[in-house]
RNA sequence: GGAGAGAUGGGUGAGUGGCUGAAACCAACGGUUUGCUAAACCGUCGUACGGGUAAUUCUGUACCGGGGGUUCGAAUCCCCCUCUCUCCGCCA
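Numbering (my numbering), first residue to last: 29 to 453.
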């Protein structure tokens, strides 16, 4: 959510910048500025009346105490008039306030200056590409879902039996590989200075609202209606909400947290394409990194997070590329996003495994997450950033496919101590 | 699931109708003292939204879990909701 005062003071900036996200904000912005002006007007008047009212009430108290009943009653008569006016103004204010808020949440975050122009994934800018794409022999080029079956490490049909499509059952070395990856990612994050958090996997409405899943993306989350709780789509939700309604000391910044969690996504409306095997699941595992940063250096921190994710993929010996998302492909909440894609050699395509973003003050504004400025001692909205480091399923898909040999599937060296084996056969 | 208690500022906790935006203590911060640490002492120490100012500042309003009501006036009285805690039951 953009800051209201910022919109009021910089309406043209908002409109101009959002063009890059292919979003025409002119109507919303002008409505907001008009309504805000009216809101301020009403508040000024209401505050004046309330001030008068407070003064009168105090006087009445004194008069009553002194036994001047008649004068007290006269003053009371005046307060009743004020009361009606105040009531009316308060109602109007509440209505406009609500209208403004509803408009405010319609505006996406402003893209950073270096965000490329563009409408779709085609227009994303490839900023890095590393690692060699393996040449798989024709007789050794099975997609991961066939490898999973061949070595009996992931059972999609069993998952269907238990739950439904998109809930795979991992078995044996498949299961151990999951555990290994989670521990590897968590260890790497810890060594990079992140505090490990183990959050709840269900959150309440306030938390869903704080990170922007509610009310808009309600349909993307599993909802336990009996208790009105939501299964988290990412650990970003509980971890970021740790700092909801919090004012941190500027000296504590940046705050670095990491968390492993299972993630649950309904993926409503995305059936049909690219959903085979591990490509798109309803439940998957992910290690997330989150930072709360000072606005002055949040972009340096974004670079640091990108470098961290890059080091993970490199250690896993996977060919990857980094994309700077164009305006049209960015999420609603992001100011700048880098996507990581690894190459899956049997499917012969790039799979998104991480998305690292700076949200600037967009999330923090909604969360009321602030830091106390050292100079002015005043609370200021902080910046939030997060990234996957990493999401497991597509990493597993690429590992299985790229490392298949006639003898079995080779485990990257860095994972061997975590797995306890170096070959799936 | 049953019964009871409670929700006040960063924390503990006082406050049952006006002198309370809120005592006191603790924590934190700044300072004095000190060889260092500790202690002691002094001071500061809520948020949001408005208004005036070039600006430190000044000023109005709102907020004591949330919503509504009574009253000239509500943290305080009434109603509804939410949440938390304790005990019992069940249970990993």
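Think of the CB as a built atom: it goes at the ideal place given N, C-alpha and C, for glycine as much as any other residue.
- Three-state secondary structure (DSSP) at residue 224? Of the three classes helix, strand and coil, the one that applies to residue 224 here is strand, per DSSP.
- In three-state DSSP terms, what is residue 123? Three-state DSSP puts residue 123 in a helix.
- Message: Using a Cβ-Cβ cutoff of less than 8 Å, which residues in the same chain neighbour residue 84 once the five nearest sequence positions on both sides are dropped?
- Response: Excluding the 5 residues flanking it on each side, residue 84 has same chain C-beta neighbours closer than 8 Å at 103, 106, 107 and 110, in chain order.
- Message: Please state the DSSP three-state secondary structure of residue 113.
- Response: If DSSP states are grouped into helix, strand and coil, residue 113 belongs with the helices.
- Message: By alpha-carbon positions, which one of 428, 393 and 70 ends up nearest to residue 125?
- Response: The option with the nearest alpha carbon to residue 125 is 70.
- Message: Just verifying my parser: in three-state terms, what is the DSSP assignment at residue 414?
- Response: DSSP places residue 414 within a strand segment (E or B) once states are collapsed to three.
- Item | Neighbourhood of residue 266 by C-beta, 7 Å cutoff - its chain only, sequence neighbours within 5 removed | Within the same chain, 227, 228, 231, 235 and 260 come within 7 Å of residue 266 by CB-CB distance, once the 5 residues on both sides are set aside.
- Item | Exposure label - residue 67; buried when at least 16 CB within 10 Å | Residue burial is scored here from C-beta neighbours: residue 67 has at least 16 other C-beta atoms within 10 angstroms and is therefore classed as buried.
- Message: My output table needs one value for residue 315: the three-state DSSP class, helix, strand or coil.
- Response: Per DSSP, reduced to three states, the secondary structure at residue 315 is strand.
- Nearest to residue 344 (by Cα), restricted to the options 396, 203, 426 and 356: With distances taken between Cα atoms, residue 344 lies closest to 426.
- Task: Following the continuous beta strand (DSSP E) through residue 381, name the residue where it begins and the one where it ends.
- Result: From DSSP, the beta strand (DSSP E) with residue 381 extends over 377 to 386.
- Query: In angstroms, rounded to a whole number, what distance separates the CA positions of residue 288 and residue 315?
  - Reply: Between residue 288 and residue 315, the C-alpha separation is close to 4 Å.
- Item | Coil, strand or helix - residue 310 by DSSP | Residue 310: coil per DSSP, three-state reduction.
- Under a three-way DSSP split, which group does residue 66 fall into? It is helical.
- Message: Out of 368, 62 and 42, which one is the CA nearest neighbour of residue 157?
- Response: Looking only at 368, 62 and 42, the smallest Cα-Cα distance to residue 157 is reached by 368.
- Report buried or exposed for residue 42, applying the criterion of at least 16 other Cβ atoms within 10 angstroms of its Cβ. Residue 42 is buried by the Cβ-count criterion.
- Message: Using only CA atoms, which one of 371, 148 and 390 lies nearest to residue 140?
- Response: Ranking the options by Cα distance to residue 140, first place goes to 390.
- What does residue 158 pair with, by DSSP beta-bridge criteria? Partner(s): 348.
- Applying the criterion that 16 or more other CB atoms from any shown protein chain within 10 Å of the CB defines a buried residue, is residue 341 buried or exposed? The residue is buried, with at least 16 neighbouring Cβ atoms inside 10 Å.
- Can we say the segment 410 to 430 touches the segment 356 to 373, given the rule of at least three CB pairs closer than 8 Å? Output reads yes: the segment 356 to 373 touches the segment 410 to 430.
- Query: Would you call the segment 261 to 281 and the segment 312 to 331 in contact, with 3 or more CB pairs under 8 Å?
  - Reply: Verdict: yes, contact present.
- Query: residue 288 by DSSP, collapsed to three states: which one?
  - Reply: Strand at residue 288.
- Message: Can you look up residue 33 in the DSSP assignment and give me helix, strand or coil?
- Response: Three-state DSSP puts residue 33 in a helix.
- Message: If you measure between the beta carbons of residue 59 and residue 131, is that distance less than 9 Å?
- Response: Yes, these two residues count as a Cβ contact at 9 Å.
- Query: Count the other CB atoms within 10 Å of the CB of residue 216; is the residue buried (16 or more) or exposed (fewer)?
  - Reply: Buried is the call here.
- Message: Just to confirm before moving on: does the CB-CB distance between residue 379 and residue 272 stay below 9 Å?
- Response: No, they are not a contact pair.
- Item | Nearest residue (CA-CA) to residue 179, options 447, 437 and 255 | The option with the nearest alpha carbon to residue 179 is 437.
- Assess, as a yes-or-no matter, whether the segment 302 to 315 is touched by the segment 395 to 413 under the definition of 3 or more beta carbon pairs within less than 8 Å. No, the segment 395 to 413 does not touch the segment 302 to 315.
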